[in-house]
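Protein chains in written order, with my numbering: chain A, 1052 to 1398; chain B, 533 to 1060.
Beta carbons are placed, not taken as given, at the ideal position from N, Cα and C, and that holds for glycine.
Please read all numbers here as calculations on a predicted model, not as lab measurements.
For reference, the structure is listed below as structure tokens.
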Amino acid sequence: MIAARWGDLVRGMGVPRLIIVAFLLVLFSVAAGTGMNLASLISQSVDRIARNGILVLALLPAIQGGLGLNFGLPLGILCGLVGCVITINFGVAGWTGFAMATFLGSLLAVPIGWVYGWLLNRTRGQEMMVGTYIGFAMVSLMSIFWLLAPFRNPRLVWAIGGKGLRTTLTLNENFEKILDKFLQIRIGDLVLPTGALLYFGLICFLVWIFFRTRAGLSISAAGDNPRFARASGIQDSRTRIQAAMLTTVLGAAGIVAFSQSYGFVQLYQAPLMMAFPAVACILIGGASVVRASIRNVIIGTFLFQTILTIALPVTSQVIQGDVSETARLVIQNGMILYALTRRGDRT
Amino acid sequence: MSGTPVLELRGIAKEYAGNRVVKGVDLQVLPGEIHALVGENGAGKSTLMNILFGMPVIHSTGGYSGEIRLDGREVRFAGPSEAMTAGIGMVHQEFMLIGGFSVAENIKLNREPLRPNFLSRFAPKLATLDRRKIDSDARAALDQVGLDLDTWTHVQGLPVGHMQFVEIARELDKENLRLLVFDEPTAVLTESEADRLLQVMQDLSARGIAILFITHRLHEVMAVAGRITVLRDGEVVARMDRSNATLEGIAEAMVGRKLDMTLADRRPGPGPESSLALDIRNLEVDMPGEAVHDLTLAVRRGEILGLGGLAGYGKVGVANGLMGIQPARGTVMVNGRPLKLNDPAGSLAERMAFVSEDRRGVGIMPEESIELNMVLPSIRVQRRFLRRVLPGVHLLDQKVVRGHANRMIRDLDVRTTGPAQSVGRLSGGNQQKVCVARAMTLEPEILLVSEPTRGIDIGAKKLVLDLIVALNRKQGVTVLVTSSELAELRGICDRIAIVTRGKVHAILDPDAPDAHYGLAMAGEQMPS
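Here you go:
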């Protein structure tokens, strides 16, 4: 009886997640044992989950649509960054500013996503590699744009010379922490960014709803078996473009939410590697290269981001010197590699 | 034509996972003899050749029993290269040539004459190729098959007829060649090329090379073969000399009546006066390997029409063309209305549903649930199984879908843990039932079913066939069923159209004599 229920649990969660949960428990007990501030550790973890959630969610439409892991996520991120920069430039603050940045970024992401999808249709079967290179190329192209863009607002441009955007822009006069502070819960050292969590939840819900509509189901069908989809009257070249647009739009919205939590907008090379931790998150959550669910997004973001937060202080307590960055890279890239070798199976 | 047989098979038997596909075959091929081996698809010819050449697929599935003798000595090849060294050559149905290499390089591949050089003293593999010798050897081999072709032409882009002769030339170039196996060599050739090939075969046999000629084309057998062995269901059912063989005799032996599996109640099907569900005129379908050329066929409303014929002759292309899955041209009327070809949504909207022969490729979404697999085309084409939650927002109606799926699972006896299980985890037979359920969910007026029982066990077979008959009898669904299993078609169909070389060659009654089926499938003239 107990063995059977344990078996169900293992099947339901998957072995990799159970191992990570066990690892997390060890980390927490070490943290508690060495007298660290658990409440603050938990606050930081939750903070990072809310911050990164939508960027992880952005990968879901691409996986479901048959485009694989969207390593071209920087494309959407760049759109969102443009939205942020314009908003700062016009000095729009508060909720209006947040809405404006999200709206402008998403709007820009629609045509960009279309072109991205069109390109992926021409390079069928190599979506992930092509996505990676498009992401890299666009980050570099946009670095030139940031230098040459005709923004004149002194809060944006370099103080000396007055030309070219700074690498890091502050949002303190615009929408820094605007979601995080909405309905914020404080219990001693424990601070929960309720608004940001609710926003993440809302976007998840909308995506979930979308994938239960006729349009969303068609995207999923074409992603699972394009020939089945074609035989069912679905034009898979179209659904793939729709999936690319959706993933790019969510990437744009995701980076705006990320930036409000972080308090800064990072330009130039910052978006270059942003797809990788997001990909690791959704894979740790149990997604495969061909199938993913909202559950995978939430569980994965929780596990990966919590490990990152806890591992840094705990390892520096136990071992002299910082190994957490190394550990992050090992987990992140190891997970991606593992998923790629098991194409088709659930990880 | 006497003496020790070049090749002798004694009691060769082979089973795949308990399924006996070759059951004790004896066969002798004498020096200089052309020995024809004929049989339907699945009669065991390919398996027999795989055994002869010691292909890995045989070894990895438990080997075979019986013995093979070459010039009287028992042999047991560990792999095709050993068979080749021993003097057995094979001309394949699909060409085993490298496109980017020249004709001469292909002929001498891996047997190139070499000249030693400085490096080859240390590493023999680094010896220089003797280009001049390669060229002259290739020239000699090409001359033997009468192919006037520059030896340095690249194989890529050669007409298929030429490729076939290059293959033969390659086999001839092997010095100790004793026995040459031709596996359906004329399938891709034009008539004049086929004639030349037969001529080459006769020349070779005159030089003492034994030939094992595997084919479906009975008139070619009658033209060149000395002796004929007919295989059916893994057994030798007839041996004849050409002198006392007739086309009808071979055809009848080839088809035979297998298990008596009459499933449907015999009834007079809809007569010629009944209205047409499908009126197909001059249909062309560019399906790789199953092309349809200028096919005309009328399907009467309410009948079960079978499409039979040999593999590669186009029967499978018909349904795929009608459903817009493979590119098609021609005129098709559905219930008197013109059908837009190359548009799957259009075909589905005409209430046509399709159970594909390519179950894994087209039939299922392996990662999705059983229930979603069943209802997706209906959602897409008919906008059913959706529930309006807000104006303009329609969501999957989970409750209705679940109810429908459970009913289908019960009716079709799908062995599963539940409707949410992913279809990829089911066995082949159960996947097939899900495919049938998907087609039924579309509530079709015309059901197209291809290879309904391929790769599924006997119990599931009967269930699927019964289901097709029941749909036809109870709901008046017109059924077009394509199958390689003639017995199955004869069990359930009202009429059977035999497709050869992309056209309907004959339309037969299910009770027509076996010989008629055999002749029709071989594309021979039918007795009137």
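What is the DSSP secondary structure of residue i, counted as helix, strand or coil?
i         : result
B:Pro898  : coil
A:Ser1269 : helix
B:Leu958  : coil
A:Phe1122 : coil
A:Gln1356 : helix
A:Tyr1389 : helix
B:Ser597  : strand
A:Ala1326 : helix
B:His825  : strand
B:Val548  : Position check: residue 548 of chain B holds Tyr in this sequence, whereas Val was assumed. B:Tyr548 falls in the strand class under three-state DSSP.
B:Val538  : coil
B:Gln560  : strand
B:His686  : strand
B:Ser982  : strand
B:Val713  : strand
B:His1048 : helix
B:Gly840  : strand
A:Ile1333 : helix
A:Val1381 : helix
B:Glu780  : helix
A:Ile1361 : helix
A:Leu1220 : strand
Would you mind working out which of the options sits nearest residue i, comparing C-alpha positions?
i         : options                                    : result
B:Leu980  : B:Gly893, B:Gly862, B:Leu810               : B:Leu810
B:Val687  : B:Gly631, B:Asn852, B:Glu547, B:Asp1046    : B:Gly631
A:Arg1281 : B:Pro876, B:Thr949, B:Gly838               : B:Pro876
A:Ala1113 : A:Ser1344, A:Tyr1313, A:Arg1099, A:Thr1352 : A:Ser1344
A:Cys1002 : A:Leu1170, A:Tyr1389, A:Ala1266            : Here chain A comprises residues numbered 1052 to 1398, so residue 1002 of chain A is not present and cannot be evaluated.
B:Gly853  : B:Glu835, B:Asn814, B:Leu837, B:Gly841     : B:Asn814
B:Arg759  : B:Gly766, B:Val1036, B:Thr778              : B:Thr778
A:Asn1140 : A:Leu1323, A:Leu1158, A:Pro1201            : A:Pro1201
B:Val768  : B:Val538, B:Ala575, B:Val968, B:Ser1016    : B:Ala575
B:Glu822  : B:Arg1033, B:Leu995, B:His567, B:Ala549    : B:Arg1033
A:Arg1346 : A:Thr1245, A:Phe1256, A:Gly1142            : A:Phe1256
A:Ser1096 : A:Val1081, A:Leu1241, A:Arg1265            : A:Leu1241
B:Leu580  : B:Ile566, B:Tyr548, B:Leu562               : B:Tyr548
A:Ile1335 : A:Ile1292, A:Leu1318, A:Leu1159, A:Ile1358 : A:Ile1358
B:Ser613  : B:Ile600, B:Asn638, B:Val557, B:Phe585     : B:Phe585
B:Val732  : B:Thr722, B:Leu721, B:Ile700               : B:Ile700
B:Leu629  : B:Met695, B:Gly862, B:Arg663, B:Val554     : B:Met695
A:Arg1217 : A:Asn1204, A:Gly1148, A:Val1081            : A:Asn1204
B:His1037 : B:Cys1025, B:Gly1050, B:Asp1026, B:Pro1045 : B:Gly1050
B:Gly496  : B:Lys640, B:Pro645, B:Ala545, B:Met587     : For residue 496 of chain B there is no data in the structure shown, the boundaries of chain B being 533 and 1060.
B:Ser959  : B:Asp680, B:Gly987, B:Leu880, B:Glu805     : B:Gly987
Identify the continuous alpha helix (DSSP H) that holds residue i and give its terminal residues.
i         : result
A:Thr1147 : 1145 to 1173
B:Glu1020 : 1018 to 1024
B:Arg490  : Missing from the structure shown is residue 490 of chain B; chain B here goes from 533 to 1060 and no further.
B:Lys640  : 635 to 640
A:Leu1078 : 1066 to 1084
I need the boundaries of the beta strand (DSSP E) containing residue i, first residue and last residue.
i         : result
B:Lys577  : Unbroken run through B:Lys577 is the alpha helix (DSSP H), 577 to 584; no beta strand (DSSP E).
B:Asp520  : Absent from the model: residue 520 of chain B. The displayed extent of chain B is 533 to 1060, so no value can be given.
B:Met865  : 860 to 866
A:Ala1321 : Per DSSP, A:Ala1321 belongs to no beta strand (DSSP E) and is neither H nor E.
B:His1037 : 1035 to 1040
B:His567  : 566 to 570
B:Glu606  : 605 to 607
contact_flag[the segment 599 to 606 of chain B, the segment 650 to 667 of chain B] where n(CB pairs < 8 Å) is 3 or more: As far as the Cβ criterion goes, the segment 599 to 606 of chain B does not touch the segment 650 to 667 of chain B, which means the pair count is below three.
Tell me whether the segment 1085 to 1100 of chain A and the segment 1360 to 1371 of chain A touch, counting them as touching only if at least three CB pairs, one residue from each stretch, are closer than 8 Å. In short, these stretches touch, since the Cβ pair count reaches three.
Inter-stretch contact at 8 Å, needing at least 3 Cβ pairs: the segment 974 to 988 of chain B / the segment 876 to 889 of chain B: Flag = yes, the segment 974 to 988 of chain B and the segment 876 to 889 of chain B touch.
At a cut of 8 Å, does the segment 1200 to 1214 of chain A reach the segment 1063 to 1079 of chain A through at least three beta carbon pairs? no
Anything in the segment 1278 to 1296 of chain A with a Cβ closer than 7 Å to a Cβ of chain B? List those residues in chain order, please. Arg1278, Phe1279, Arg1281, Ala1282, Ser1283, Gly1284, Ile1285
Three CB pairs or more closer than 8 Å across the segment 1117 to 1125 of chain A and the segment 1297 to 1311 of chain A: The segment 1117 to 1125 of chain A is in contact with the segment 1297 to 1311 of chain A.
For the segment 865 to 876 of chain B and the segment 1236 to 1251 of chain A, state whether three or more C-beta atom pairs, one from each stretch, are separated by less than 8 Å. no
Taking only beta carbons into account, state which residues of the segment 867 to 889 of chain B come closer than 9 Å to chain A, listed in chain order. Asp875, Pro876, Ala877, Gly878, Ser879, Leu880, Ala881, Phe886, Ser888
Got a sec: which bits of the segment 1101 to 1125 of chain A sit with their beta carbon under 7 Å from any beta carbon on chain B, in order along the chain? none
What are the residues in the segment 891 to 917 of chain B lying within 8 Å of chain A by C-beta distance? Listed in sequence order: Gly893, Val894, Gly895, Ile896, Met897, Pro898, Glu899, Glu900, Leu904, Leu908, Pro909, Ile911, Arg912, Val913, Arg915.
Report the residues of the segment 832 to 865 of chain B with a CB closer than 7 Å to any CB of chain A, ordered along the chain. Met855, Ile857
What are the residues in the segment 1132 to 1156 of chain A lying within 8 Å of chain B by C-beta distance? none
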